[in-house]
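4 protein chains.
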Amino acid sequence: MIKAGIIGATGYAGNEIVRLLLGHKEVEIAWYGSRSYIDKKYAGIYQNFFRLVDASCMDENMHALAREADVIFTATPQGFCASMLQEEILSTTKVVDLSADFRIKDVARYEEWYGIRHASPQFIPEAVYGLCEINREEIRKARLVANPGCYTTCSILTIYPLVKEGLIDPDTIIIDAKSGTSGAGRGAKVDNLFCEVNENIKAYGVASHRHTPEIEDQLGYACGRELRLTFTPHLVPMNRGILVTAYASLKDGVTQESIHEAYEKYYNKERFIRVLDPSVCPQTKWVEGSNYVDINAVIDRRTNRVIMMGALDNLVKGAAGQAVQNMNLMFGFEEAEGLMQVPMCP
Amino acid sequence: MIKAGIIGATGYAGNEIVRLLLGHKEVEIAWYGSRSYIDKKYAGIYQNFFRLVDASCMDENMHALAREADVIFTATPQGFCASMLQEEILSTTKVVDLSADFRIKDVARYEEWYGIRHASPQFIPEAVYGLCEINREEIRKARLVANPGCYTTCSILTIYPLVKEGLIDPDTIIIDAKSGTSGAGRGAKVDNLFCEVNENIKAYGVASHRHTPEIEDQLGYACGRELRLTFTPHLVPMNRGILVTAYASLKDGVTQESIHEAYEKYYNKERFIRVLDPSVCPQTKWVEGSNYVDINAVIDRRTNRVIMMGALDNLVKGAAGQAVQNMNLMFGFEEAEGLMQVPMCP
Amino acid sequence: MIKAGIIGATGYAGNEIVRLLLGHKEVEIAWYGSRSYIDKKYAGIYQNFFRLVDASCMDENMHALAREADVIFTATPQGFCASMLQEEILSTTKVVDLSADFRIKDVARYEEWYGIRHASPQFIPEAVYGLCEINREEIRKARLVANPGCYTTCSILTIYPLVKEGLIDPDTIIIDAKSGTSGAGRGAKVDNLFCEVNENIKAYGVASHRHTPEIEDQLGYACGRELRLTFTPHLVPMNRGILVTAYASLKDGVTQESIHEAYEKYYNKERFIRVLDPSVCPQTKWVEGSNYVDINAVIDRRTNRVIMMGALDNLVKGAAGQAVQNMNLMFGFEEAEGLMQVPMCP
Amino acid sequence: MIKAGIIGATGYAGNEIVRLLLGHKEVEIAWYGSRSYIDKKYAGIYQNFFRLVDASCMDENMHALAREADVIFTATPQGFCASMLQEEILSTTKVVDLSADFRIKDVARYEEWYGIRHASPQFIPEAVYGLCEINREEIRKARLVANPGCYTTCSILTIYPLVKEGLIDPDTIIIDAKSGTSGAGRGAKVDNLFCEVNENIKAYGVASHRHTPEIEDQLGYACGRELRLTFTPHLVPMNRGILVTAYASLKDGVTQESIHEAYEKYYNKERFIRVLDPSVCPQTKWVEGSNYVDINAVIDRRTNRVIMMGALDNLVKGAAGQAVQNMNLMFGFEEAEGLMQVPMCP
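The listed protein sequences correspond, in order, to chains A, B, C and D. Just so we're aligned, residue 1 is where the first sequence starts under the working numbering, counting upward by one. Just so we're aligned, residue 1 is where the second sequence starts under the working numbering, counting upward by one. Just so we're aligned, residue 1 is where the third sequence starts under the working numbering, counting upward by one. Just so we're aligned, residue 1 is where the fourth sequence starts under the working numbering, counting upward by one.
In structure tokens form, the structure reads like this:
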């Protein structure tokens, strides 16, 4: 049994890490860190854990935590992990950072999109981008994993094989993404009130959302050159789930079969990626509560484009589930340990 | 006072025509036509009309209805209106058809996309496409108006000025549309059950939705040549509302200002189209229950694309409201009569 | 045309007063008062009013407002109206207070349930409880109307005739109420976030909700003696609507017919109260967006109880609509002016 | 490993049994019975099981199934199980019937409330009412278990200790229950369409719901005499969850402490019943996806009543979870095997 500490345990992603680790055979939770609820019973904040978690919230002292825990999950606002991280911590503890602090290799690009100074750029080179299906071997050896964003996980996994295999024109990629509201976090903001979200849909962060450079970087690595794409997120009146609908122009001669083969080539041994049968479109409900990503693509012959679709649970594969999957790889556990929840429907 | 008859009065669009006409000064409803509920009290099906509507449902005999009504609304499945229409009807009564039967000028194209034979192609030439803001003068003179589809109204109005003014490349248009569930109608289908729709989002009709040719035709007229575009509808867990997010590559030198000017040029005198302030994105909630369309566009300089957004209430401007607006034009009433509902929020 | 001022115009109830008054023939809005948004465009906060309201928010200076307005609506937290009200204001302006400050005649009882000191008890005696269907004549003559609470309006109107006619035992009344989330206001609280409310239902304020004494007082007046009842509110994942399910033991010999007659006796001339047909249960959807209250009752012969049910839109008949109805009475306007919205479904 | 067969596998309860059994160490599913989808891939109907279930649907031949399976779950309409059951089946296979066929001991009472003739009353005496926390020992020995209804499980567990200990007057019990829509099943009915349920709440089956006699019987056994109570179910716009709010008059001298002690007496060793801390009200979200029931009660001193509240997931503890729990008892497995899902929030 290893010991895990969670900083930001009272946010939605932190809460989901707790849910998953409670069913994990190799891990016990040693620290429920929270800025707002120190000394309060954790199960008093999330009553779903009543009688399952007895602990009270601790502070967010990452140094003290590093002495107690074998792995630290930071489910915190941008900048926190970078500001706290030190060699001393990394030399004793592994870190899975769910913020964006170590996702982007070019520090100037990070600072431009996030509008803050990076406090510990010296750790960026060693940080591994924790998209397990693509960087599995590097993750196994990592001390510091940058857990991908929710939109980015869904976008990259949906598009990656077609870019990698050169089936689409990378300069034509447009990603139209739709997310449940838990992605907006548990902060008390008017925009996230029930009455503002329910019976409503809107785009936000148009042409400016921070997940854009992250997707561009990773797909750029896949095709071997820089690319620029359009990414538009939308807020949907549901708790969980991200659906990505992505568009690109096909290279000459690409068929429905070659697309399916590309997906199969990269994903047919992947436990958590399900390439759906022809003509079946992903739905977020079919992955709810689970670590699966459902993917498919349809060719629009009239316009010579492909419509790629991917669905995941933003709190599981889009955050906590992927973090646990990364931890499993880093510690040599069975990769799917604690992650075999069957999707819940309805 | 004129008399109106509604065929398909017990569907969601028909029900919404009733709601709007009850507040209309120039119209009384003479016929609530329904296939399934003949002789049943209309207010027993839609109890919101309890004590407001005393009538019982009639059959769908369009010939008998034509002798009683000055205007007939057909809110019926594809093929019905075409199969019933005759010169005798049109010579005594005006018809607003909410189905697709008379929207597409090329009968072969209609038959290909809808998979049925058109029963009265002789009326297609005279039918006017009832998008009031674009075809106002023709509508005033029409006997037969083809009321546009919900997705198409939103898509066309959102994109039209930029195509018409040549600001975007028509071959790059991609429309990603999101609709509330009332657009799927009131038929008892498993796919539209609460538990199947709630906490879920999916694309459907990918690369094959029937509103595609309708949008292509109208935008083609605007730019003076045929075009092909990609259209992807999604089902969103809300009752009402359509949000269109449309993408296109900009022609050289197009600025945020020139885009705004294009919208203003075509819409600044339009009562029901609201071009939003810079950086404000449309939300379906802000038009709920009303005949407004909210529109805006944002330039993505990094990719030289424009993201166009439009929102409307699919049952009002996307169906019944537009039908009433068309009727107002056809009978010389004040165009906004019966349509000044203030959007309801939350 | 009279001039109206709204204090608390940026809350949900204030926003709904605006929606209704925009369609009112006799009133123009002269003052959009707000504590949080002074000098900001009102339509920038509620974009549904874009192009319909050009004004910016004013402060909440009730004295200055009294010099400009013929009527003031205070849609403000408990204590505000009582703390601001003075004879000088009431001598020039009529006031409809949507808070609880003047609803309870016994000031000690008010202070006990609300936990604050009443700042102007001298106005309590003249304040009229603004339940139009019961106190119509007093309202016509009032300077100060205490607009009833949302739960209380629904509860009282549902139970009143049966208490008044002595058909039920007043000591057995239990009210189980369910409300949409707009009743909780627009304050940024974690408990009202979309993800906390959606896919959830809970009771709150059990045996302690502040609407309890208000219901008890009014039903007590109806039966001529004090009574105590149990009231339990619940939070439901929807924007609008209150459903009250109330229980009481029947007096001997009471039949379904005598109950129906009691409702008819008090309500058959009431425009906004719809006593439904036998066996039809009220649904909140059937009154959404309107000023109607739908009511019915079913006898449970096995237990000799009656189950009384009432449904209204908490923002209309439960707040803003009733406030406008009160204003109409106070100024001698047609009682239904501005309130004839047809319920919107779906 | 035992083999399980499910008749009615394509309904919501059947689908949930599959979800739970996929994580059960001692059971494999041998038969996915369905009337409507014979020979179709089960995972094609519920795509959440894609790649997790490869089987196709079988028919509903209970006799053939009995030869293959060690346990049969019948998640079927009323009357089915009774019409199929024979000694031959029960002599080789254990049966957990999720319908009401064997819940009510008095066959005349069953036939009166359900309006059908009972086809095999000879099995009623041996059938054990499968409320595990109350009838655990009988269930262990049973061949035929009548799995309790969703409303009844929640109602009985919430009220049972107070009736059993004589703390409340059994003749004053009123149950106001609220259910998510999955309780209405997956049949294609207009009333259960998204647009009819969303943004709406209603009571139904008032004074006539079939779960009434079942609750009365079980609480009657607890207090040693017949009782009659009022039960009112409501339909809430959410997928899962039942909240019961129950009212009763207190016997003299009953305190908050004595109520808490009664709950503790019966439930403190129960794994799936969580008696909440004082003043914490149950919320359906806190048990979603899990087999827990959360319970609490508040005294209303002013009226000398107690308000009892219970929450569960209608598809888990209210149906499939309890069925699996019953199976575990019948086969001597660990009672919680396959049922330790942590509630999912949000």
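The beta carbon of each residue, even a glycine, is placed where N, CA and C say it ideally should be.
- residue 75 of chain C and residue 101 of chain C: beta carbons closer than 8 Å? no
- Presumed contact (8 Å Cβ cut-off) between residue 241 of chain C and residue 201 of chain D, rounded CB distance: 6 Å
- Item | Supposed close pair residue 218 of chain C, residue 129 of chain C - CB separation, criterion 8 Å | 7 Å
- Who pairs with residue 231 of chain D in a beta bridge, going by DSSP? D:175
- Query: Whose C-beta lies closer than 6 Å to the C-beta of residue 267 of chain B among residues of the same chain, with five residues either side of it excluded?
  - Reply: 273 and 275
- Task: Could you tell me which chain B residues have their CB closer than 9 Å to the CB of residue 104 of chain A, listed as they occur along the chain?
- Result: Near residue 104 of chain A there are no residues of chain B at all, since even the closest Cβ is about 15 Å away, more than 9 Å.
- Backbone secondary structure at residue 285 of chain D - three-state DSSP: helix
- Neighbourhood of residue 69 of chain A by C-beta, 7 Å cutoff - its chain only, sequence neighbours within 5 removed: 3, 4, 5, 30, 31 and 93
- Under the DSSP definition of a beta bridge, which residues are partnered with residue 72 of chain A? A:5 and A:95
- Task: Let me know if residue 189 of chain C comes out buried or exposed under the rule of 16 or more other beta-carbons within 10 Å of its beta-carbon.
- Result: exposed
- Query: Does the Cβ-Cβ distance between residue 222 of chain A and residue 293 of chain A come in under 8 Å?
  - Reply: no
- Message: If you measure between the beta carbons of residue 158 of chain C and residue 295 of chain C, is that distance less than 8 Å?
- Response: yes
- Message: Contact between the stretch 303–312 of chain D and the stretch 242–252 of chain D is defined here as three or more beta-carbon pairs at a separation below 8 Å; is this criterion met?
- Response: yes
- Message: DSSP three-state label for residue 32 of chain B, please.
- Response: strand
- Message: In the DSSP assignment, the beta strand (DSSP E) including residue 247 of chain D goes from what residue to what residue?
- Response: 242–249
- For chain C, find out if any of its Cβ atoms is closer than 8 Å to the Cβ of residue 73 of chain A; answer yes or no. no
- Residue closest to residue 354 of chain A, alpha-carbon to alpha-carbon, out of A:185, A:48, A:245 and A:314: Look at the range of chain A in this structure, 1 to 346, and you will see that residue 354 of chain A is not part of it.
- Three-state class that DSSP yields for residue 296 of chain C in the structure shown: strand
- Task: Can you grab the Cα-Cα spacing for the pair residue 111 of chain C / residue 121 of chain C, in whole Å?
- Result: 11 Å
- Entirely enclosed beta strand (DSSP E) segments - the stretch 134–181 of chain C, minimum 3 residues: 144–146 and 174–179
- Exposure label - residue 278 of chain C; buried when at least 16 CB within 10 Å: exposed
- Give the straight-line distance between the Cα atoms of residue 145 of chain D and residue 247 of chain B, rounded to the nearest whole angstrom. 59 Å
- Going by alpha carbons, who is nearest to residue 45 of chain C out of C:89, C:10 and C:24? C:10
- Does the beta carbon of residue 31 of chain D come closer than 8 Å to any beta carbon on chain A? no
- Task: Answer with buried or exposed for residue 155 of chain D, where buried requires no fewer than 16 other C-beta atoms within 10 angstroms of its C-beta.
- Result: buried
- If the cut is a Cβ gap below 7 Å, which residues of chain C does residue 57 of chain B touch? Those do not exist, as residue 57 of chain B stays about 17 Å from chain C at its closest Cβ, beyond 7 Å.
- Query: According to DSSP, is residue 107 of chain A helix, strand or coil?
  - Reply: helix
- Is DSSP giving residue 360 of chain C helix, strand or coil here? This structure gives no information on residue 360 of chain C, because the portion of chain C shown stretches from 1 to 346.
- Message: Cβ closer than 8 Å: which chain A residues qualify as neighbours of residue 248 of chain C?
- Response: Near residue 248 of chain C there are no residues of chain A at all, since even the closest Cβ is about 32 Å away, more than 8 Å.
- Roughly how many whole angstroms lie between the Cα atoms of residue 136 of chain D and residue 184 of chain B? 47 Å
- Message: Can you find the residues in the same chain that come closer than 6 Å, C-beta to C-beta, to residue 60 of chain A, ignoring five residues on each side of it along the sequence?
- Response: 7, 33 and 35
- residue 181 of chain B: contacting residues in chain D (beta-carbon distance under 7 Å): 194 and 195
- Query: Starting from residue 19 of chain C and walking both ways along the alpha helix (DSSP H), at which residues does that stretch end?
  - Reply: 12–21
- Message: Could you check whether residue 19 of chain D and residue 351 of chain A sit closer than 8 Å to each other, using their CB atoms as the reference points?
- Response: With chain A covering only 1 through 346, there is no way to say anything about residue 351 of chain A.
- Message: Using 8 Å for Cβ pairs, my map puts residue 13 of chain A next to residue 336 of chain A. What's the rounded Cβ distance?
- Response: Residue 13 of chain A to residue 336 of chain A, Cβ: 20 Å. No contact.
- Query: For residue 15 of chain C and chain A, any beta-carbon pair shorter than 8 Å?
  - Reply: no
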